[in-house]
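S.K.: Residue numbers (numbering that gives the first Met the number 0), protein chains in the order written: chain A, 0 to 127; chain B, 0 to 154. Beta carbons are placed, not taken as given, at the ideal position from N, Cα and C, and that holds for glycine.
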Amino acid sequence: MIDLKYGTYIGDTLNWSSSQSYNELEFKDLTSTERVQGSTLSGNRFNHLLHSRNVWRLTISADELYQATKETFMRAFYKAQGWKWSDDNWSTETVVDLLESGDIPYEFINNHIDLKEITLTFIEVEPD
Amino acid sequence: MAYYNWNDVTNWKMYPIYQTEFVFDSGNHITITNVMEANSYIKFNEIFSESNDDAGCPRVVAYGVESEIIVLQNDYFNFDVFIHEIINHVLINWGADCHIEDSDTDAIQIILPDYSCKLSHSIEFKEDYPILKLNIKGIITLTQMAAFSTIFSET
Numbered sequence: 000m001i002d003l004k005y006g007t008y009i010g011d012t013l014n015w016s017s018s019q020s021y022n023e024l025e026f027k028d029l030t031s032t033e034r035v036q037g038s039t040l041s042g043n044r045f046n047h048l049l050h051s052r053n054v055w056r057l058t059i060s061a062d063e064l065y066q067a068t069k070e071t072f073m074r075a076f077y078k079a080q081g082w083k084w085s086d087d088n089w090s091t092e093t094v095v096d097l098l099e100s101g102d103i104p105y106e107f108i109n110n111h112i113d114l115k116e117i118t119l120t121f122i123e124v125e126p127d
Numbered sequence: 000m001a002y003y004n005w006n007d008v009t010n011w012k013m014y015p016i017y018q019t020e021f022v023f024d025s026g027n028h029i030t031i032t033n034v035m036e037a038n039s040y041i042k043f044n045e046i047f048s049e050s051n052d053d054a055g056c057p058r059v060v061a062y063g064v065e066s067e068i069i070v071l072q073n074d075y076f077n078f079d080v081f082i083h084e085i086i087n088h089v090l091i092n093w094g095a096d097c098h099i100e101d102s103d104t105d106a107i108q109i110i111l112p113d114y115s116c117k118l119s120h121s122i123e124f125k126e127d128y129p130i131l132k133l134n135i136k137g138i139i140t141l142t143q144m145a146a147f148s149t150i151f152s153e154t
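1) Do you know whose CA, among A:S16, A:I59, A:Q36 and A:D2, lies nearest A:A79's CA?
2) Does DSSP put B:M0 in a helix, in a strand, or in coil?
3) With distances taken from CA atoms, which of A:S18, A:G101, A:R44 and A:K69 is nearest A:D87?
4) Should A:F121 and A:W84 be called a contact, given that it needs their Cβ atoms to be closer than 8 Å?
5) Taking only beta carbons into account, state which residues of the stretch 25-46 of chain A come closer than 8 Å to chain B, listed in chain order.
6) Taking only the alpha-carbon atoms, compute the straight-line gap between A:L3 and B:D24 and give it to the nearest angstrom.
7) Report the three-state DSSP secondary structure of A:E70 (helix, strand or coil).
8) Quick check: B:I41 and B:I110, are their CB atoms within less than 8 Å of each other?
9) Which term fits B:C56, buried or exposed, when burial requires 16 or more other beta carbons within 10 angstroms of its beta carbon?
10) Could you check the C-alpha separation between B:K132 and B:N38 for me, to the nearest Å?
11) So, with DSSP's three-state summary, where would you put B:H120?
12) Along chain A, which residues have their Cβ under 8 Å away from the Cβ of B:L141?
13) Over the uninterrupted alpha helix (DSSP H) stretch that includes B:N87, give me the two end residues.
14) Which term fits A:G73, buried or exposed, when burial requires 16 or more other beta carbons within 10 angstroms of its beta carbon?
15) Skipping 5 residues on each side, what residues in its chain have a beta carbon closer than 6 Å to that of A:V54?
16) When burial is assigned at 16 or more other CB atoms within 10 Å of the CB, is B:M144 buried or exposed?
17) CA-CA distance, B:D52 and B:Y128?
18) Apply the 10 Å Cβ neighbour rule to B:I135 and answer buried if 16 or more other Cβ atoms are within range, or exposed otherwise.
19) For the alpha helix (DSSP H) that contains A:D62, what are its first and last residues?
20) So for A:L13, helix, strand or coil by DSSP?
21) Use the C-beta contact count for A:E125: other C-beta atoms within 10 angstroms, 16 or more gives buried, fewer gives exposed.
22) Mapping DSSP to helix, strand and coil, what is A:V124?
23) Is it true that the stretch 49-68 of chain A meets the stretch 105-119 of chain A, where meeting means three or more beta-carbon pairs spaced less than 8 Å apart?
24) Identify which residue in A:T68, A:N110 and A:H50 has its Cα closest to the Cα of A:D127.
25) Shortest alpha-carbon distance to B:L118 belongs to which of B:M13, B:E67 and B:T142?
26) Compare the C-beta of B:E49 against all C-beta atoms of chain A and say whether one is closer than 8 Å.
27) How many angstroms separate the CA atom of B:A1 from the CA atom of B:W11?
28) For B:P141 and B:C116, which I take to be in contact (beta-carbon distance under 8 Å), what is that distance rounded to the nearest angstrom?
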């Protein structure tokens with residue numbers, strides 16, 4: 000199970016929502032890097048690691064999103080201004096940035112409007 | 000007594016269907032009782048997630064329902080009204096009372112609400128009498144299936 004909260008600004012204060020639990024389909028812990036790569040005029044290659052950070056890929060499927068409260072929460076989560084998750088009932092939590100933007104990335108299983116599946120990518124705010 | 004494996008819903012089959020009710024977006028409710036051919040049936044199939052789960056397998060996220068109902072020619076009462084609804088309106092809700100195959104379990108109701116069902120039909124003629132064949136497809140949520148599991152897991 001994964002618990003999610005989203006934050007919205009009121010004035011300059013980020014207010015966190017109540018928690019919502021999901022039985023996730025997939026939650027993968029990944030690593031992302033940013034590098035400067037190239038070669039010098041003499042042909043020597045260089046590869047500088049600027050930073051690395053954790054990335055998580057979360058997929059929640061229709062077995063959860065058919066419930067109206069969970070689907071409504073997901074829509075609010077998607078258009079929020081802050082995000083965090085916990086996998087131990089908020090004993091610990093990870094504040095993240097949401098990578099997706101644009102139309103909410105629902106996949107419709109069997110092209111059925113009641114069978115929504117969503118994959119979101121969270122990226123660590125502070126680099127390693 | 001029959002035994003049904005809850006984990007394999009494709010073995011679930013229900014008939015005969017004693018009564019079935021159709022609700023169309025016109026607001027009309029059409030109920031058909033005791034005029035269906037005996038091999039009218041309802042069966043189930045699994046619907047899997049688009050992606051694989053953390054273990055690398057797709058997950059069952061809902062269940063599909065498929066039904067074929069053959070309406071006998073002796074139901075003249077609603078026949079014309081029913082055909083008019085089928086041709087001109089969208090099915091938005093469907094329910095059926097039936098028995099589980101080879102079981103003593105009494106009638107249960109399958110309900111496909113809120114645009115989760117599709118209806119197609121064909122009309123054949125046996126001599127001069129029309130026979131209406133209805134095919135219904137829809138989805139049932141995990142919560143609804145959990146309720147059915149107590150019935151299907153009878154021994």
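M.R.: According to the structure shown:
1) Position 80 of the first sequence, counted from the start, is the residue given in the question as residue 79 of chain A. It is A:S16 whose Cα lies nearest to the Cα of A:A79.
2) Here the question's residue 0 of chain B lines up with position 1 in the second sequence. Unreliable positioning characterises B:M0 in this predicted model, as indicated by a pLDDT of 41, which lies under 50. A coordinate reading is not provided.
3) Locating residue 87 of chain A in the first sequence gives position 88, where the first residue counts as 1. Of the candidates A:S18, A:G101, A:R44 and A:K69, the residue whose Cα lies closest to the Cα of A:D87 is A:S18.
4) Within the first sequence, numbered from 1, the residue matching residue 121 of chain A stands at position 122. Within the first sequence, numbered from 1, the residue matching residue 84 of chain A stands at position 85. The answer is yes: Cβ separation under 8 Å.
5) E25, F26 and K27
6) Sequence index remark: in the first sequence, residue 3 of chain A carries index 4 (1-based). Sequence index remark: in the second sequence, residue 24 of chain B carries index 25 (1-based). In a straight line, the C-alpha of A:L3 is about 38 Å away from that of B:D24.
7) For the purposes of this step, residue 70 of chain A is identified with residue 71 of the first sequence, where counting begins at 1. Helix at A:E70.
8) The residue you call residue 41 of chain B lines up with position 42 of the second sequence. The residue you call residue 110 of chain B lines up with position 111 of the second sequence. For B:I41 and B:I110, no; Cβs fall outside 8 Å.
9) Here residue 56 of chain B refers to the residue found at position 57 of the second sequence. Exposed is the call here.
10) One-based indexing of the second sequence puts residue 132 of chain B at position 133. One-based indexing of the second sequence puts residue 38 of chain B at position 39. Cα to Cα, the separation comes out at about 12 Å.
11) Walking along the second sequence from the start, residue 120 of chain B turns up at place 121. Of the three classes helix, strand and coil, the one that applies to B:H120 here is strand, per DSSP.
12) Reading the second sequence from its first residue, position 142 is the one you call residue 141 of chain B. Near B:L141 (Cβ distances below 8 Å), the residues of chain A are D62 and Y65.
13) Working through the second sequence from its first residue, we reach residue 87 of chain B at position 88. Element bounds for B:N87: F78 to N87.
14) Counting from one through the first sequence, the residue named residue 73 of chain A turns up at place 74. The residue asked about is misnamed: residue 73 of chain A is Met in this sequence, not Gly. A:M73 comes out buried.
15) Stepping through the first sequence from its first residue, residue 54 of chain A is reached at position 55. These residues qualify, in order along the chain: L29, S31 and I122.
16) Counting from one through the second sequence, the residue named residue 144 of chain B turns up at place 145. The residue in question, B:M144, is buried, as its Cβ has 16 or more Cβ neighbours within 10 Å.
17) Position 53 of the second sequence, counted from the start, is the residue given in the question as residue 52 of chain B. Position 129 of the second sequence, counted from the start, is the residue given in the question as residue 128 of chain B. Rounded to the nearest whole angstrom, the C-alpha separation of B:D52 and B:Y128 is 52 Å.
18) As a first step, residue 135 of chain B is located in the second sequence; it is residue number 136 there, counting from the start. That one is buried.
19) Within the first sequence, residue 62 of chain A is the residue found at index 63, counting from 1. Per DSSP, A:D62 belongs to the alpha helix (DSSP H) from A61 to L64.
20) As a first step, residue 13 of chain A must be located in the first sequence, where it is residue number 14. In the structure shown, A:L13 sits in a strand (DSSP, three-state: E or B).
21) In the first sequence, counting from the first residue as 1, residue 125 of chain A sits at position 126. Classification of A:E125: exposed, given that the 10 Å Cβ count is below 16.
22) Stepping through the first sequence from its first residue, residue 124 of chain A is reached at position 125. In the structure shown, A:V124 sits in coil (DSSP, three-state: anything other than H, G, I, E or B).
23) Under the 8 Å Cβ criterion, the stretch 49-68 of chain A counts as touching the stretch 105-119 of chain A, having at least three qualifying pairs.
24) Counted from its first residue, the first sequence places residue 127 of chain A at position 128. Nearest to A:D127 by alpha-carbon distance, out of A:T68, A:N110 and A:H50, is A:H50.
25) Position 119 of the second sequence, counted from the first residue, corresponds to residue 118 of chain B. Among B:M13, B:E67 and B:T142, the Cα nearest to that of B:L118 is on B:E67.
26) Here residue 49 of chain B refers to the residue found at position 50 when the second sequence is read from its first residue. Closer than 8 Å to some Cβ of chain A, the Cβ of B:E49 qualifies, so yes.
27) Position 2 of the second sequence, counted from the start, is the residue given in the question as residue 1 of chain B. Position 12 of the second sequence, counted from the start, is the residue given in the question as residue 11 of chain B. Note that B:A1 scores 46 on pLDDT, short of 50, meaning its location in the model is unreliable and no value can be drawn from it.
28) Position 142 of the second sequence, counted from the first residue, corresponds to residue 141 of chain B. Position 117 of the second sequence, counted from the first residue, corresponds to residue 116 of chain B. Sequence inspection shows Leu at residue 141 of chain B; the Pro mentioned does not correspond to that position. The pair is not a contact, with the Cβ atoms about 17 Å apart (cut-off 8 Å).
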